[in-house]
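What follows is a single structure, written as structure tokens, with notes after it.
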Amino acid sequence: GFTPYQAAISAVVLPPRYARRDPRNLARVKAVVDALIAKKLSIMGK
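One point on numbering: in full-length UniProt numbering, the residue at position 6 of the sequence shown is 6, and numbering is uninterrupted.
Here it is in structure tokens:
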């Protein structure tokens with residue numbers, strides 16, 4: 001289910017948010033994506 005992924009997302013410490021369209025905001029997206037990938041790999045046993 002979604003529960004392990006929800007826990008992974010809520011555990012992420014996001015970097016600061018910048019102005020709209022600031023490319024540094026992509027670091028926030030990357031933090032969430034990296035956490036989700038790590039969770040998926042841990043569930044798959046890799």
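For each residue, glycine too, the CB sits at the ideal point set by N, CA and C. Remember, it's a predicted structure, so these values are computed and weren't measured experimentally.
- The Cβ atoms of A38 and V12 do not sit closer than 7 Å to each other.
- Rounded to whole angstroms, the gap between the alpha carbons of K40 and S10 is 15 Å.
- Rounded to whole angstroms, M44 and D34 show a C-alpha spacing of 15 Å.
- Rounded to the nearest whole angstrom, the C-alpha separation of P23 and L36 is 21 Å.
- Our two residues, P4 and L14, have alpha carbons roughly 18 Å apart in a direct line.
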